[in-house]
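Numbering of the sequence shown is given in this note's numbering, commencing with residue 728 and proceeding in unit increments. C-beta atoms are modelled at their ideal positions from N, C-alpha and C, and glycine is treated no differently. All remarks here apply to the structure that follows.
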Amino acid sequence: MAHKIMIVDDAAFMRMMIKDILTKNGYEVVAEAADGAQAVEKYKELQPDLVTMDITMPEMDGIAALKEIKKLNSNAKVIMCSAMGQQAMVIDAIQAGAKDFIVKPFQADRVLEAIGKTLS
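Printed below as a string of structure tokens:
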């Protein structure tokens with residue numbers, strides 16, 4: 728059975744890029760969200776196997792959303808995505824429970840490697 732994935736990014740074309748990589752490789756994208764608040768609501772509803780989460784977003788940023796999702800499910804698998812490969816943000820994300828970190832612009836093989844590792 729295909730793993731269910733939710734993509735969270737405020738940029739529609741970034742969501743489209745990740746969705747394209749995932750669907751071509753047999754994953755099922757069950758939801759997309761444009762900000763952290765939407766992501767938390769959709770996570771409650773759908774309980775996806777994995778979430779890709781942008782860090783910098785309006786309403787609620789990715790790290791705040793990650794913490795909320797972790798409260799709902801301590802075993803939630805979340806991979807953070809950001810154009811800013813800043814050490815502090817990476818460390819915050821990992822400390823908050825992120826399983827991995829992908830830097831934009833996305834390299835398809837890196838996205839697939841991170842997801843494959845996290846789901847195995």
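Any idea if residue i is buried or exposed, counting beta-carbon neighbours within 10 angstroms, 16 or more meaning buried?
i, result
"M784", "buried"
"E759", "buried"
"D836", "exposed"
"A729", "exposed"
"P775", "buried"
Since I believe residue j is in contact with residue i (beta carbons under 8 Å), could you give me their beta-carbon distance rounded to a whole number of angstroms?
i, j, result
"I782", "M741", "No, I782 and M741 are not in contact; Cβ-Cβ is about 12 Å, not under 8 Å."
"I790", "Y770", "Incorrect: roughly 15 Å between the Cβ atoms, too far for contact."
"M787", "A764", "5 Å"
"K831", "C808", "6 Å"
Just the C-alpha distance for residue i and residue j, rounded to the nearest angstrom, thanks.
i, j, result
"E755", "Q814", "31 Å"
"G824", "I748", "24 Å"
"I745", "K844", "17 Å"
"K751", "V767", "26 Å"
"K794", "A739", "23 Å"
"G753", "N802", "23 Å"
"I842", "A761", "20 Å"
When the distance is taken between beta carbons, is residue j closer than 8 Å to residue i?
i, j, result
"I806", "L777", "yes"
"I821", "T779", "no"
"D757", "K798", "This sequence places Val at residue 757; Asp is not what is there. Their beta carbons are not under 8 Å apart, which means V757 does not touch K798 by this criterion."
"K804", "L839", "no"
Is it the case that the CB of residue i approaches a heavy atom of the ligand FMN more closely than 7 Å?
i, result
"K751", "No copy of the ligand FMN appears in this structure; indeed no ligand is present at all."
Ignoring anything shorter than 4 residues, give me the alpha helix (DSSP H) runs that lie fully in the segment 730-811, in order along the chain.
739-751, 763-773 and 789-799
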